[in-house]
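Residue numbers (the numbering used here), protein chains in the order written: chain X, 3 to 162; chain U, 3 to 162. Here a beta-carbon is modelled for each residue, glycine too, at the ideal position from N, C-alpha and C. Worksheet for the structure shown next.
Protein chains: 2
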Amino acid sequence: MTDPIRPTDDEARALARGLMDDATFAALGVMDPDGGGPMLSRVAIAMDPDAAPISLISSLSAHARALAADPVCSLLVGEPEDRGDPLTHPRLTLQAQADPVARDDDRFVALREHYLALRPKSKLYIDFGDFYLVRFTVRRAILNGGFGKAFVLTPEDLGL
Amino acid sequence: MTDPIRPTDDEARALARGLMDDATFAALGVMDPDGGGPMLSRVAIAMDPDAAPISLISSLSAHARALAADPVCSLLVGEPEDRGDPLTHPRLTLQAQADPVARDDDRFVALREHYLALRPKSKLYIDFGDFYLVRFTVRRAILNGGFGKAFVLTPEDLGL
């Protein structure tokens, strides 16, 4: 078999970082704590001051319960915008560990301000008691820039 | 805690089925065969004659290698179309088992015709030797119709 992974170059690094920076939401994959394997959902995302992905999630959600049991997860960002073949649109897979920033965490107040500035619509629910922030520590990323354009990236490639 | 899951009704069933029928692509979550937990990617999808999701994938892809090792997976369909809060747009999580329909499988010829009729752009690659079809047997679904509107659905609820 041909190895479909190309050598990482600056164009791939810039494309991947741009997909992260432009993302307002992502697919999140967690382990189903009831033994059902991977389980996907949609979450809002933004980038923290260190350029790492963060999300605001509810402790009532299935993914919150799953992340509490196993913080190893994956995100997919880069959404098709039009009616062309969606597989030609670049997308980025992140493999990560979810680090909860609870409401009583020392980091919460500053990170709440940061998130709220970037996502002002979240003011409708950010102060509900069941909402908290999650920071994703990226371990590895896979960029798919379209057919035959796959790259494996490190945190350093993403400026992390 | 309040149980955020509502009783399933016909409106939820119709919304969920509509999200499947309208989907041309999905996020796919598989288990990383290298032990990295959930791993997401984007796949093209369509519905087979029995209304089950199918996809055309390359054996060179990371998700194909993962599904060969562990067919338990998850799909997410229902894409935001505009600039509103993406979390208000309904989406559907499917928990499923991937059943490969290889090029030498008795079902391949008919399913290829069906897929090609629904996704004519795939004629550019459907006959490449590394591409094959996958049928997803849905075990359980979670519909998120927007904040506070979550439902758990059975295959029967989806007409499967």
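- Message: Checking 8 Å against the spacing of the C-beta atoms, do A29 of chain U and L21 of chain U come in under that value?
- Response: L21 of chain U is positioned such that its CB atom lies no closer than 8 Å to that of A29 of chain U.
- Message: Can you confirm whether F27 of chain X, when its beta carbon is compared against all beta carbons of chain U, has any partner nearer than 8 Å?
- Response: So yes, F27 of chain X belongs to the interface.
- Task: Step through the CB atoms of chain U and report whether any lies within less than 8 Å of the CB of E158 of chain X.
- Result: It does not: the Cβ of E158 of chain X has no partner Cβ on chain U nearer than 8 Å.
- Query: When Cβ atoms are compared, which residues of the segment 83-111 of chain U fall closer than 7 Å to chain X?
  - Reply: So the close ones are D87, P88, L89, R93, T95 and Q97.
- Using a beta-carbon distance below 8 Å, is G38 of chain X in contact with chain C? Looking at the structure shown, chain C is missing, and the protein chains on hand are X and U.
- Item | The alpha helix (DSSP H) enclosing G20 of chain U, as first and last residue numbers | D12 to D24 is the span of the alpha helix (DSSP H), which, as asked, contains G20 of chain U.
- Query: If we cut at 8 Å on Cβ distances, does G163 of chain X have a partner in chain U?
  - Reply: The structure shown does not extend to residue 163 of chain X, since chain X spans only 3 to 162, so no value can be given for it.
- Can you check the segment 29-117 of chain X for any alpha helix (DSSP H) of at least 4 residues that lies completely inside it and give the ranges in chain order? DSSP runs (the alpha helix (DSSP H)) wholly in the segment 29-117 of chain X: 64-71.
- Query: So what does DSSP say about L162 of chain U, is it helix, strand or coil?
  - Reply: Three-state DSSP puts L162 of chain U in coil, outside helix and strand.
- Task: Alpha carbon to alpha carbon, how far is P102 of chain X from S57 of chain U? Give it in angstroms, no decimals.
- Result: Their backbone Cα atoms lie some 35 Å apart in a straight line.
- Is the Cβ of L62 of chain X closer than 8 Å to any Cβ of chain U? Yes, its Cβ sits closer than 8 Å to a Cβ of chain U.
- Message: Between X:R141, X:P9 and X:F110, which has its C-alpha nearest I129 of chain X's C-alpha?
- Response: What sits at residue 129 of chain X in the sequence shown is Asp, not Ile. Cα-wise, what sits closest to D129 of chain X is X:F110.
- Message: Looking at the strands, I want to know which residues DSSP matches up with I128 of chain U.
- Response: DSSP, once it has assigned bridges, lists no residue as partnering I128 of chain U.
- Message: For D50 of chain U and A14 of chain U, I'd like the C-alpha separation in whole angstroms.
- Response: Looking at the two C-alpha atoms, the distance is approximately 22 Å.
- Kindly say whether P6 of chain X, judged by its beta-carbon, lies nearer than 8 Å to any beta-carbon of chain U. Yes, P6 of chain X counts as interfacial toward chain U.
- Task: Whole angstroms is fine: what's the gap from G80 of chain X's alpha carbon to A46 of chain U's?
- Result: Going from the Cα of G80 of chain X to the Cα of A46 of chain U covers about 15 Å.
- Item | Straight-line gap, M3 of chain U to D52 of chain U (C-alpha atoms, nearest Å) | At M3 of chain U the pLDDT is 47, less than 50, meaning the model places this residue with poor confidence and gives no usable figure here.
- Near-chain X residues of the segment 64-77 of chain U - C-beta to any C-beta below 8 Å: So the close ones are A64, D72, V74, C75, S76 and L77.
- What three-state label does DSSP hand M3 of chain X in the structure shown? Any answer about M3 of chain X is weak, because its pLDDT of 47 lies below 50 and its placement is not dependable; what the coordinates show is given next. Coil.
- Message: Please identify the residue among X:L160, X:G147, X:E158 and X:G161 whose C-alpha is closest to the C-alpha of I7 of chain X.
- Response: Ranked by how close their Cα comes to the Cα of I7 of chain X, the residues X:L160, X:G147, X:E158 and X:G161 have X:G147 in first place.
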